[in-house]
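Peer 1:
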Ligand SMILES: NC(=O)c1ccc[n+]([C@@H]2O[C@H](COP(=O)([O-])OP(=O)(O)OC[C@H]3O[C@@H](n4cnc5c(N)ncnc54)[C@H](OP(=O)(O)O)[C@@H]3O)[C@@H](O)[C@H]2O)c1
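Residue numbers (the working numbering): 3 to 252.
1. Looking only at its chain, what residues have a beta carbon closer than 7 Å to the beta carbon of residue 43, apart from the 5 residues adjacent to it on each side?
2. Taking 6 Å as the cut-off, is the beta-carbon of residue 169 closer than that to any non-hydrogen atom of ligand 1?
3. Pick from 250, 199, 134: whose alpha carbon is nearest that of residue 228?
4. Let's test the definition: count the other Cβ atoms within 10 Å of the Cβ of residue 234 and tell me whether it reaches 16, buried, or not, exposed.
5. Candidates 194, 240, 86: which alpha carbon is nearest residue 179's?
6. Mind checking whether the beta-carbon of residue 60 lies closer than 6 Å to any heavy atom of ligand 1?
7. Excluding the 5 residues flanking residue 201 on each side, which residues of the same chain have their C-beta closer than 6 Å to its C-beta?
8. The beta strand (DSSP E) that contains residue 167, what's its start and end?
9. Any heavy atom of ligand 1 within a distance shorter than 6 Å of the CB on residue 48?
10. Grab me the residues of residue 9's own chain with a C-beta within less than 6 Å of its C-beta, minus the 5 sequence neighbours each way, in chain order.
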């Protein structure tokens, strides 16, 4: 099979690429840093196509799909994304716009277009990288948390539509807590908890995706957080989340 992975130049995306390559899948790797993608391609034992692209450009998801027309894609990993710490009125609008373009709009466009192809062929896997942020409100990272909730809800809705139509297409949302990647530097946060290694998260992601698991939450801590959050009144949860976020301030 051929896998298209966005955000493959670093962290979780790079480790998912390594794993899928080790399983013999051909890869199409996307990110802005071409040199990083080429370095990765050189170490992998399978044919790799490197596609440098900035997914924050308007319509970037659809443009990428059109660029790849004629290439069959069997696995779509929507992984590219970033966060930005700060009070809502202090995070620049341009950065919010770029974040929503990468984390939400490009993911939506690629999902829509490949999902439609996959449904027609009645085969294919989509792995949308959300976050445990999707389960919680996120003061001080408001746009990021809200965007990840979109990714989770979109994926859940598609899962049910697929199930009811008896389709063999599989969709999953990956919802990790803190992971040791370049994410925290980009977002301007310092995680208070030691994050999971990204290769471990990638392993859980690939295993869950091929099993058709709807929501993949690596590690026990975040499973417990997700479970516990269901029993707290919204306003208590908000206060707890505020304190948890405040501790991430760099
Ligand atoms: N690390 C965590 O704690 C954590 C937890 C939960 C969820 N996640 C999610 O996991 C995903 C991967 O993040 P990571 O932790 O692996 O962080 P990372 O090491 O910073 O990797 C982010 C990837 O996204 C790509 N990217 C960012 N902006 C882009 C743009 N405008 N166009 C194209 N590609 C872009 C980056 O490539 P270039 O810079 O080369 O473009 C890079 O490959 C993200 O969706 C993130 O929200 C991370």
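Quick reminder that beta carbons are idealized off the backbone N, C-alpha and C, glycines included.
Peer 2: In short:
1. 31, 50, 52
2. Every heavy atom of ligand 1 is 6 Å or more from the Cβ of residue 169, so no.
3. Considering only 250, 199, 134, the residue with the shortest C-alpha distance to residue 228 is 134.
4. By the neighbour-count rule (16 or more Cβ atoms within 10 Å), residue 234 is not buried but exposed.
5. 194
6. No, the Cβ of residue 60 stays beyond 6 Å of every heavy atom of ligand 1.
7. 17
8. Run containing residue 167: none in the beta strand (DSSP E); it sits in the alpha helix (DSSP H), 144 to 167.
9. no
10. 15, 33, 81, 82
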